[in-house]
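Chemist: Counting in the numbering used here, the sequence shown runs from 1 upward without gaps.
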Amino acid sequence: MGHSERASPGNPQRITDPESPYGSGVQADPLQRKTPFPSNGSLRKISAGIRLGPSLEKINFEPQDKPNISIIVPVLNEAERILSMIRQVQSLNPFEYWIVDGGSTDGTPDLAGKHTDRVLFVSGGLPAQLNLGGWKAKGDILFFVHADSRIPENALQSISQSMKDPRVAGGGFHLKIRSDRRMIETISRLANLRARILGAPLGDQGIFVRKEVFIRLNGFRSDVLLEDLDFSLRMKKQGRVVLLSEQIITSPRKWERYGVLGTTLAHLRFLIGHFIHANPEELKKRYASFKNRAR
1 MGHSERASPG
11 NPQRITDPES
21 PYGSGVQADP
31 LQRKTPFPSN
41 GSLRKISAGI
51 RLGPSLEKIN
61 FEPQDKPNIS
71 IIVPVLNEAE
81 RILSMIRQVQ
91 SLNPFEYWIV
101 DGGSTDGTPD
111 LAGKHTDRVL
121 FVSGGLPAQL
131 NLGGWKAKGD
141 ILFFVHADSR
151 IPENALQSIS
161 QSMKDPRVAG
171 GGFHLKIRSD
181 RRMIETISRL
191 ANLRARILGA
201 PLGDQGIFVR
211 KEVFIRLNGF
221 RSDVLLEDLD
231 FSLRMKKQGR
241 VVLLSEQIIT
251 SPRKWERYGV
261 LGTTLAHLRF
271 LIGHFIHANP
281 EELKKRYASF
291 KNRAR
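Okay, structure coming up:
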């Protein structure tokens, strides 16, 4: 049995359950958490009970005039940004939101816990964070946003409007990297062009998806390097993927930290590696090596 404490914004509840597939404890509402959250394998078992039809062909979804939207923000060592992100998310007045910490060592969870009890903990990397938040969320639409992003003020209204089309499975926003450098502005334009050509937005563009599609896809895969690209490409097989005209603004920190040219070329190599089905473990090693060399 897990041990729990009374939750409040100043003292968010931490539930530690050694039997949970996530194993690292969860901060949550105990009334909502009646069973351990499922892992990818459990998601497959659950979705196996849903009639998907042959080859998971595209279907028309129920039109939703006013869908409930859940915002999920994965974080790792975001102490400098977490409070502004929480205020930003709260200002949008979503149906619900979750901050999913992946093992921060800079006090991010403690800072977040002073302002909200909507914090979850999980180990296992970014896919595990996205999946925990997605499965925990109760909304009709899941909206995954990076902690260093600035969400458009009318983002939820735009998402709701797009979901009135029963053919739409999900989508993302146009990307703008916050920088005056011409080369980084060019990267923003190329990222948007790539998303339009592939029909697959990446994580820094704010991926949104119908909850039923998330379940059908078994969430994000942990056995690939580009889990966001992989998810969007699989989402595309379920229905239309739209790229909304509003811009989601993201920090240029990874380009500034690792170098504009080096980061761009590395992303291109990993993108090509994904499409030629290169060994994912080898890609992960190369990615780790790239980050270590750039430090």
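A virtual CB, placed ideally from N, CA and C, is assigned to each residue, including glycine.
Which residues in the same chain have their Cβ closer than 6 Å to the Cβ of residue 127, if we skip the five residues on either side of it in sequence?
Modeler: Correct list, in chain order: 220, 222, 227.
Chemist: Starting from residue 240, follow its DSSP beta bridges and name the residues at the other end.
Modeler: Residue 240 is bridged to 168.
Chemist: Taking Cβ positions only, does residue 134 come closer than 8 Å to chain D?
Modeler: The chain labelled as chain D is not found in the depicted structure, where only one protein chain is given.
Chemist: Quick check: the Cα distance between residue 237 and residue 110, rounded to an integer number of angstroms?
Modeler: Computed Cα separation, rounded: 40 Å.
Chemist: Helix or strand or just coil, what does DSSP make of residue 70?
Modeler: Correct three-state label for residue 70: strand.
Chemist: Using the C-alpha atoms, what's the distance from residue 107 back to residue 208?
Modeler: Rounded to the nearest angstrom, the two C-alpha atoms are 28 Å apart.
Chemist: Could you check where the alpha helix (DSSP H) with residue 110 kicks off and where it finishes?
Modeler: Element bounds for residue 110: 108-113.
Chemist: Here's a check: name, in chain order, each residue in its chain whose Cβ is nearer than 7 Å to the Cβ of residue 171, leaving out the five neighbours to either side.
Modeler: The answer, listed in chain order, is 162, 201, 208, 241, 242, 243, 244.
Chemist: For residue 146, which residues of its own chain have a beta-carbon under 7 Å away from its beta-carbon, when the five flanking residues on both sides are left out?
Modeler: Only 203, 204, 250 meet the Cβ criterion.
Chemist: Counting only the same chain and skipping the five closest in sequence on each side, list residues whose C-beta sits under 6 Å from that of residue 100.
Modeler: Excluding residues within five positions, the ones whose Cβ falls inside 6 Å are 74, 120, 129, 132, 133.
Chemist: Relative to the C-alpha of residue 314, which candidate in 137, 141, 252 has its C-alpha closest?
Modeler: This structure cannot settle anything about residue 314, because the visible part of the chain is limited to 1 through 295.
Chemist: Buried or exposed: which applies to residue 38, given that a residue is buried once 16 or more other Cβ atoms fall within 10 Å of its Cβ?
Modeler: For residue 38, the predicted structure reports a pLDDT of 41, less than 50, and the residue's modelled location is therefore unreliable. A value from the coordinates is still provided. The residue is buried, with at least 16 neighbouring Cβ atoms inside 10 Å.
Chemist: Would residue 174 be called buried (16 or more neighbouring beta carbons within 10 Å of its own) or exposed?
Modeler: By the 10 Å Cβ count, residue 174 comes out buried.
Chemist: Between which two residues does the alpha helix (DSSP H) containing residue 210 stretch?
Modeler: Looking at the DSSP string, residue 210 is not in any alpha helix (DSSP H); the run it does join, the beta strand (DSSP E), is 207-210.
Chemist: Can you tell me whether residue 280 is helix, strand or coil according to DSSP?
Modeler: Note: residue 280 maps to helix in three-state DSSP.
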